[in-house]
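Undergrad: Here the protein sequences line up with chains A and B, keeping their order.
All letters in the first sequence, in the order written, are residues 3 to 289 by the numbering used here.
All letters in the second sequence, in the order written, are residues 206 to 535 by the numbering used here.
Provided herewith is a single structure, encoded as structure tokens, for subsequent inquiry.
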Amino acid sequence: MTDEKKFLDRHKALKRFLKNPLSVVGLVLVVTITVCALAAPVLAPHDPAEQHLFDKRSKPFGKYVLGADQFGRDILSRLIYGARVSLIVAVGSIVIALAGGILVGVVSGYAGGFCDSALMRLMDLLLSFPYLLLAIVLVTAFGSGVFNTTLAIGIWALPTFARMVRVSVMSLKNREFVTSARAAGASSARIIFSHIIPNFVSPVIVYATLFMANAIMMEAALSFLGLGVQPPTPSWGEMISSGRNFLMVAPHVSTIPGFAIMVAVLGFNLLGDGLRDALDPKMKVNG
Amino acid sequence: MKNKPLLSIRQLTKYYPASRKGWLHKTAGQVKAVDGVDLDLYPGETFGLVGESGCGKSTLGRCILRLEAPTAGGIRFKDQDVLALEGHALRALRQNMQMVFQDPYSSQNPRHTIRHIVGEPLKIHGMGSNAEQEARIQSLIKTVGMQPEHLDRYPHEFSGGQRQRICIARALALNPQLIIADEPVSALDVSIQAQILNLLVTLQEEFQLTYLFISHDLSVVRHLCDRIGVMYLGKLVEIAPRRELYTAPAHPYTRALLGAIPTITASRRKRLDPLPGDMPSPLNPPPGCPFHPRCAFKQDRCTREKPALVPTSDGRSVACHFPLSEFSAG
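Quick look at the structure:
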């Protein structure tokens, strides 16, 4: 019955989402970051790579709104361009993790048996690495850069999605409406695409949104360690990293991108929580 | 009997391995869900299959539709060997046999509209153009007593009875000859049950359907069925025409089942002792007659020898060494 209820509530989901102020804050933050990323050339007051050597480490609210870094580059512009990297990596890695996770999860959950065991042991193998170590190993293997960072984070996130999907598929495939479809002569492909996937997709989407925050942090961590995006491409993690030598003299060089990461993570978390509450009526009881 | 059977089942057997699954465990035993069932269904009849929960009646229905793979035995639908079919031929067979499920709440995809649910079999089998399919859907929904404007709604907007009507419309979509109804009314209110049963009767006349009607409710079966088979522990213990079965049950188990139907006036039927004990585990059925541990009429022979389902007079079959009519007139 919960499924029917879930569906009934879906029509009202948008309304419920908009009623919750925290979800709206999350949505606004995420939209702002997205706009910054998309319109970076228009919004940024300076070229992010342009060095103004006379303005090295200049304080915020002077010539530059958020000051300049150790090479005299405008921090605001770098922040705006950095949003691009963060979003590309976050979205890209989630797409990889979702696509791979759904593929592995559906095959594993639907086929069962040996296929299931083999795939799940492979996922266990990936999960058994400490996450940062896994990402470091992958980046070391593939080399650094935006694409490889995305790939590494995507592979890191894949097993979690695969397991989530597998469990849903295993419970859905024994539901009577799937039996009914089989009795009507439906092929496995039809059952999977028409009956199974639409019924697990909404919790997975919610989780994916929450996971975006992790992906942003992961990208920042990798870039901070110098394994992610390489200079001069601006990235929030790399900006924190480059400012850490001047933390006593010019704290704004590190703290401002740190703050941006915090805002982005907060935004995605609030959005994800809001989506979950709006889509899942069971969570709504005390909300 | 009259003409050729539409469906004939021979020695159908379905065992489930009872094991802790895994590479290291051997199978501990087998659950004999269906254990050597013979059954013929004739065109146009309604055959009722009754028995307690867990006696294998649903498994039998699912085996016929190939939703479960039987362990052994044979099923023939008209001239086709059902168990030998694969792929395309199996799909073609499924046009002729459809199922109505027990729980109308879980047998419909909550994300599909009624139009999608009723029309899905047509889409799967590529029957006609979109316009023809739409016309067929419209006529089906009217056939089961609902309105075309219901088509754009979702299952959760309907009551159990309406949902069961939708299930029936879906089952009818492909113009099947045989409908296996697995407890189609047991999830419904009694007042709605009668409506659905009457609908099934009307549809049978209109479309010359053959029903295999699975139920645990003898009063429902009595309302609908021409012949009735009683299952116990994976085996058919008695097959008889309705009237004979209800007036003079030959198998002690049938008699006990009939005695368990509640009546308003207690004096109307002689009170029978309730059946002692539970159904034995199908994992480890008792030797000899599977019913002997609970049978009031058991003899020595029953504990040793398995009774076969043998035809007696007037077209009924009983699997009992000492059928009731022989030694107990009352």
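Beta carbons: idealized from backbone N, C-alpha and C, even for Gly.
Can you tell me where the beta strand (DSSP E) holding B/P446 begins and where it ends?
TA: Per DSSP, B/P446 is one residue of the beta strand (DSSP E) stretching across 440-446.
Undergrad: From what residue to what residue does the beta strand (DSSP E) around B/G253 run?
TA: 251-255
Undergrad: Quick check on DSSP: helix, strand or coil for A/A101?
TA: Three-state DSSP puts A/A101 in a helix.
Undergrad: Using beta-carbon positions only, say whether A/I207 and A/A266 come within less than 8 Å of one another.
TA: no
Undergrad: Measuring only from the beta carbon, is B/T407 closer than 7 Å to any heavy atom that is part of the ligand NAP?
TA: This structure simply doesn't include the ligand NAP, nor any ligand for that matter.
Undergrad: Is the CB of A/A252 under 8 Å away from at least one CB in chain B?
TA: no
Undergrad: Just to check my reading of the structure: A/F202 and A/V251 have Cβ atoms closer than 8 Å, yes? What is that Cβ distance to the nearest angstrom?
TA: A/F202 to A/V251, Cβ: 52 Å. No contact.
Undergrad: Measuring alpha carbon to alpha carbon, tell me which residue in B/L404, B/I419, B/S263 is nearest B/F412.
TA: B/L404
Undergrad: For A/T125, count neighbouring Cβ atoms within 10 angstroms of its own Cβ and tell me buried if that reaches 16, exposed if not.
TA: Note that residue 125 of chain A corresponds to Met in the displayed sequence, not to Thr. The residue in question, A/M125, is buried, as its Cβ has 16 or more Cβ neighbours within 10 Å.
Undergrad: What residues from the region 177-210 of chain A come within 9 Å of chain B, judged by C-beta to C-beta, listed N to C?
TA: R177, E178, F179, V180, T181, S182, A183, R184, A185, A186, G187, A188, S189, R192, S196, H197, P200, N201
Undergrad: Considering Cα atoms alone, identify which of B/L288, B/S486, B/T318, B/S391 is closest to B/H361.
TA: B/T318
Undergrad: Answer with yes or no whether the minimum CB distance from B/I346 to chain A is below 8 Å.
TA: No, B/I346 lies away from the interface with chain A (no Cβ there is under 8 Å from its Cβ).
Undergrad: Only counting the same chain, and skipping five residues up and downstream in sequence, which positions put a Cβ closer than 7 Å to that of B/R427?
TA: R447, Y451
Undergrad: Since B/S311 and A/E178 should fall inside the 8 Å C-beta cutoff, what is the C-beta to C-beta distance between them, to a whole number of angstroms?
TA: About 4 Å separates the two Cβ atoms, so the contact holds.
Undergrad: If the cut is a Cβ gap below 7 Å, which residues of chain A does B/S311 touch?
TA: R177, E178, F179
Undergrad: Go through the region 369-411 of chain B residue by residue and report every complete run of the beta strand (DSSP E) that reaches 3 residues or more, in order.
TA: 383-387
Undergrad: Of the choices A/V37, A/L31, A/D71, whose alpha-carbon is the least far from that of A/P50?
TA: A/D71
Undergrad: CA-CA distance, B/C372 and A/G187?
TA: Going from the Cα of B/C372 to the Cα of A/G187 covers about 15 Å.
Undergrad: For A/G245 and A/G147, what's the separation of their Cα atoms in angstroms?
TA: 20 Å
Undergrad: Quick one: grab the DSSP three-state call for A/R278.
TA: helix
Undergrad: At a Cβ cut of 9 Å, what residues of the region 397-427 of chain B count as close to chain A, listed as they run along the chain?
TA: none
Undergrad: Report the option in A/I242, A/A210, A/R192 whose CA atom is closest to the CA atom of A/A262.
TA: A/I242
Undergrad: Using the three-state DSSP reduction, which class does B/M304 fall into: helix, strand or coil?
TA: strand
Undergrad: Give the single residue among B/F363, B/Q504, B/T517, B/L217 whose Cα lies nearest to the Cα of B/D286.
TA: B/L217
Undergrad: State the CB to CB distance for the pair B/A374 and B/I346, rounded to an integer number of angstroms; the pair is presumed to be in contact (CB under 8 Å).
TA: 6 Å
Undergrad: Rounded C-beta distance between B/V435 and B/G256? I'm assuming under 8 Å.
TA: 6 Å
Undergrad: Could you please give the first and the last residue of the uninterrupted beta strand (DSSP E) stretch that includes B/D243?
TA: 234-246
Undergrad: Tell me, please, which residues DSSP counts as bridged to B/V523.
TA: B/E443, B/V515
Undergrad: Compile a chain-ordered list of the residues in the region 304-332 of chain B whose CB is closer than 7 Å to at least one CB of chain A.
TA: M304, F306, D308, Y310, S311, S312, Q313, N314, P315, R316, E325, P326, I329, H330
Undergrad: Below 7 Å between beta carbons is the criterion; list the residues of the region 249-275 of chain B that meet it against any residue of chain A, in chain order.
TA: L270, L272
Undergrad: Could you pull the DSSP bridge partners for B/P222 from this structure?
TA: B/Q235
Undergrad: Give a yes or no on whether the C-beta atoms belonging to B/Q313 and B/P381 are separated by under 8 Å.
TA: Not in contact: B/Q313 and B/P381 (Cβ atoms no closer than 8 Å).
Undergrad: Just to make sure I have the definition right: I need the residues of chain A whose C-beta is within less than 7 Å of the C-beta of B/R299. Which are they?
TA: Contact note: B/R299 reaches chain A through A185, A186, G187, using a C-beta cutoff of 7 Å and chain order.
Undergrad: Looking at the C-beta of B/R432, does it have a partner C-beta in chain A at a distance below 8 Å?
TA: no
Undergrad: Indicate whether at least one CB of chain A lies closer than 8 Å to the CB of B/R370.
TA: no
Undergrad: Mind checking whether B/A392 and B/G365 have CB atoms under 8 Å apart?
TA: yes
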